[in-house]
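The numbering of the sequence shown is this note's numbering, which starts it at -17 and goes up by one.
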Amino acid sequence: FGILPNRAVDVARTIDIDPYLRLQGIYSHLAEADEENPARMNAQIELFRQAHATISEAGVDPGIAHISNSAALLRTRSSDFGMVRAGICLYGISPSRHVALFRGMKPALEWRATVQHLISMEPGDRTGYGGTYVASDNERLALIPIGYADGYPRQLSNIGWMGFDGQRLQVRGRISMDQCTIAIPGQIDLKVGDDVTVLGGAGNGAPSANELGDVLGTIGYEIVSRISPRVPVEYV
């Protein structure tokens, strides 16, 4: 949807003279603001700036103008018109590895889960559907009550991790619909009732949304947006 820049003035005039319409604003959306090279982002911002100026010069009030998303807001002030559309950066999550957050920003979202059961594994024991993980030594696992129905991707089976006391606790076996298991390193005193951090706990060993996105070949947006409504939310 939308119109090309070379039609902006004609469409704005048509709206302006129509007694039943009112031009409240103009906007565009940046297609490459989070890419490594910002050249095309800057070119698109400049094109929008020219269209905005041309409408004003034609005697039509363009109203509120906005083009800046999170990535542009973090990278350049040149994209700030009357308003910005900050999205994922409001959650303290960078739009991509090429875009740095402002100093002092940190993740606002932390996903925790409570250990429900401890499992002792011996060499040769398997865990999870299909027995895809086989213990090579004595090992302890913790049963965590989250799975792909909660939005924890099944693709993280055997490659994901959670955090506890600054340590990474690796996912063992396939992630089920409602639960999964994680390894407990020997030096960690993890007990039933303890909370592990599934996502977002900076400094406690848990992955960020973008780290999980990198592992799965996707982006942090998808990781956080797929968290199921059945996961309890607490605002602090």
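Where is the CB? At the ideal position from N, CA and C, for every residue including glycine. Values in this document were obtained by computation on a predicted structure and should not be read as measured data.
Span of the alpha helix (DSSP H) around residue i
{"i": "S158", "result": "Looking at the DSSP string, S158 is not in any alpha helix (DSSP H), and its letter there is neither H nor E."}
{"i": "G202", "result": "202 to 207"}
{"i": "Q32", "result": "21 to 39"}
Residue i - containing beta strand (DSSP E), residue span
{"i": "I126", "result": "121 to 126"}
{"i": "L3", "result": "Neither: L3 is in no beta strand (DSSP E) and is coded neither H nor E."}
{"i": "F63", "result": "No beta strand (DSSP E) contains F63, which DSSP labels as neither H nor E."}
For residue j and residue i, the rounded distance between their alpha carbons
{"i": "Q149", "j": "W143", "result": "10 Å"}
{"i": "P44", "j": "I126", "result": "54 Å"}
{"i": "A170", "j": "D147", "result": "Note on identity: in this sequence residue 170 is Ile, with Ala being the wrong assignment. Rounded to the nearest angstrom, the two C-alpha atoms are 8 Å apart."}
{"i": "A35", "j": "P189", "result": "45 Å"}
{"i": "A68", "j": "R79", "result": "17 Å"}
{"i": "G187", "j": "L172", "result": "14 Å"}
{"i": "I157", "j": "I70", "result": "27 Å"}
{"i": "A95", "j": "S50", "result": "36 Å"}
{"i": "S10", "j": "T163", "result": "45 Å"}
{"i": "G168", "j": "V174", "result": "16 Å"}
{"i": "V(-7)", "j": "D62", "result": "23 Å"}
{"i": "T58", "j": "P20", "result": "10 Å"}
{"i": "I220", "j": "R136", "result": "The displayed coordinates of the chain run from -17 to 218. Any statement about residue 220 would go beyond what the structure contains."}
{"i": "E204", "j": "E39", "result": "41 Å"}
{"i": "S207", "j": "Y73", "result": "12 Å"}
{"i": "G7", "j": "I27", "result": "16 Å"}
{"i": "V178", "j": "V215", "result": "16 Å"}
{"i": "M159", "j": "G(-16)", "result": "41 Å"}
{"i": "Y217", "j": "E92", "result": "11 Å"}
{"i": "D197", "j": "P1", "result": "The identity of residue 197 in the sequence shown is Val, whereas the question assumes Asp. The alpha-carbon atoms of V197 and P1 are separated by roughly 54 Å."}
Chain-order list of residues whose beta-carbon lies under 8 Å from that of residue i (same chain, five-residue window excluded)
{"i": "N120", "result": "S102, M103, E104, P105"}
{"i": "A184", "result": "K88, P89, S190"}
{"i": "V116", "result": "G106, D107, R108"}
{"i": "L56", "result": "C71, S76, P77, V81, A82, L83, F84"}
{"i": "R(-5)", "result": "A40, V42"}
{"i": "E18", "result": "H80"}
DSSP bridge partner residues for residue i (one or two, in chain order)
{"i": "A47", "result": "I8"}
{"i": "H99", "result": "L125"}
{"i": "D115", "result": "According to the sequence provided, residue 115 is Tyr. The question's Asp does not apply to it. Looking at the DSSP assignment, Y115 forms a beta bridge with T109."}
{"i": "R212", "result": "R212 pairs with nothing; no bridge assigned."}
{"i": "R94", "result": "T179"}
Own chain residues within Cβ distance below 6 Å of residue i, not counting five before or after
{"i": "E14", "result": "R22, M23"}
{"i": "D132", "result": "S210, V213"}
{"i": "L29", "result": "P(-13)"}
{"i": "I(-3)", "result": "L3, L5"}
{"i": "Q98", "result": "L125, P127"}
{"i": "S139", "result": "R156, I157"}
{"i": "I46", "result": "G7, G64, M65"}
{"i": "R(-11)", "result": "none"}
Beta-carbon proximity list for residue i, same chain, < 7 Å, skipping 5 on both sides
{"i": "A165", "result": "E121, L123, L151, Q152, R154"}
{"i": "G195", "result": "I201, G202, E204, I205"}
{"i": "D16", "result": "A53, P77, S78, H80, V81"}
{"i": "V(-9)", "result": "T36, I37, A40"}
{"i": "I129", "result": "In the sequence on display, residue 129 carries Gly and not Ile. Contacts found: I157, S158, M159, D160, Q161, C162."}
Cutoff 8 Å: residue i Cβ touching any chain D Cβ
{"i": "G64", "result": "Among the chains of the structure shown, chain D does not appear; only one protein chain is present."}
Residue i beta carbon near the ligand ZN (any heavy atom closer than 7 Å)
{"i": "Y134", "result": "You won't find the ligand ZN in this model; it holds no ligand whatsoever."}
I'd like the ranges of any beta strand (DSSP E) spanning at least 3 consecutive residues and lying wholly in the region 144 to 198.
149 to 154, 162 to 166, 177 to 181
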